[in-house]
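K.L.:
full-length UniProt numbering puts the last residue of the sequence shown at 50; the count rises by one with no breaks.
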Amino acid sequence: MPLKKGTSKATVSHNVKTESKHGKPHKQAVAIALNQARKSGAKIPRKEEK
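(1) Assuming K5 and S40 make a contact with CB atoms under 8 Å, what is their CB distance in whole Å?
(2) Candidates P2, V12, K47: which alpha carbon is nearest A33's?
(3) Would you decide whether E19 is buried or exposed? Buried here means 16 or more other CB atoms lie within 10 Å of its CB.
(4) Would you identify the three-state DSSP class for K24, choosing helix, strand or coil?
(5) Does the beta-carbon of A29 have 16 or more other beta-carbons within 10 angstroms, so that it is buried, or is it exposed?
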């Protein structure tokens, strides 16, 4: 099932739930949802590596 496009918290939350339902670990589901929001134009900074 394709993820929703958009940048709102509700859209990101829906995408996390969708990915989790399909068996993805929570951290991976969050990463996928945030990446989708970034593609839609959200200004979400990426996590800096140490």
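Backbone N, C-alpha and C define an ideal beta-carbon position, used for all residues, glycine too.
P.N.:
Checking against the coordinates, here is how it stands:
(1) Position 5 of the sequence shown, counted from the start, is the residue given in the question as residue 5. Position 40 of the sequence shown, counted from the start, is the residue given in the question as residue 40. Indeed they touch by this definition, with Cβ atoms about 5 Å apart.
(2) Residue numbering aside, residue 33 sits at position 33 when the sequence shown is read from its first letter. Taking only the C-alpha atoms, the option nearest A33 is V12.
(3) To locate residue 19, count along the sequence shown from 1; it is residue 19. E19 is buried by the Cβ-count criterion.
(4) Within the sequence shown, numbered from 1, the residue matching residue 24 stands at position 24. If DSSP states are grouped into helix, strand and coil, K24 belongs with coil.
(5) In the sequence shown, residue 29 corresponds to position 29, counting from 1. Buried: at least 16 other Cβ atoms inside 10 Å.
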